[in-house]
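Position one of the sequence shown corresponds to residue 382 (the numbering used here), numbered consecutively onward. Report on the structure given below.
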Amino acid sequence: MNSDKKPAATIRVEKRMNGRWAFVLTYRGVTYPAQGQFGSELQAQAAAQAAMKLLERRG
382 MNSDKKPAAT IRVEKRMNGR WAFVLTYRGV TYPAQGQFGS ELQAQAAAQA
432 AMKLLERRG
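So, in structure tokens, the structure goes:
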């Protein structure tokens with residue numbers, strides 16, 4: 382977390398109208414559009430965590 386106690390990244394997992402799952406990632410104030418057509422909520426969460434780790438590595 383940064384100095385103002387807000388997390389650097391937030392992840393929101395949501396169910397789409399077609400029954401599939403997607404995630405929306407906000408990192409350092411930039412919101413990336415919904416990603417994925419995952420079959421389960423767990424798959425979407427795992428993909429979101431992996432995407433967040435890649436962004437953190439890039440700095």
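Quick reminder that beta carbons are idealized off the backbone N, C-alpha and C, glycines included.
Cβ-based burial, residue i [other Cβ within 10 Å; buried from 16]
{"i": "ALA389", "result": "exposed"}
{"i": "ALA428", "result": "buried"}
{"i": "ALA431", "result": "exposed"}
Span separating the alpha-carbon of residue i from that of residue j
{"i": "GLY410", "j": "THR391", "result": "9 angstroms"}
{"i": "ARG439", "j": "ALA425", "result": "21 angstroms"}
{"i": "GLU437", "j": "TYR413", "result": "14 angstroms"}
{"i": "LEU361", "j": "ARG397", "result": "This structure does not reach residue 361, given that the chain is present from 382 up to 440, and the question cannot be answered."}
Residue i - partner residues in DSSP beta bridges
{"i": "LYS396", "result": "TRP402"}
{"i": "ALA390", "result": "TYR408"}
Own chain, CB closer than 6 angstroms to residue i, minus 5 neighbours either side, in chain order
{"i": "VAL405", "result": "ARG393 and ALA415"}
{"i": "GLY400", "result": "none"}
Identity of the residue in the options nearest residue i by Cα
{"i": "SER421", "options": "MET433, TYR408 and TRP402", "result": "TRP402"}
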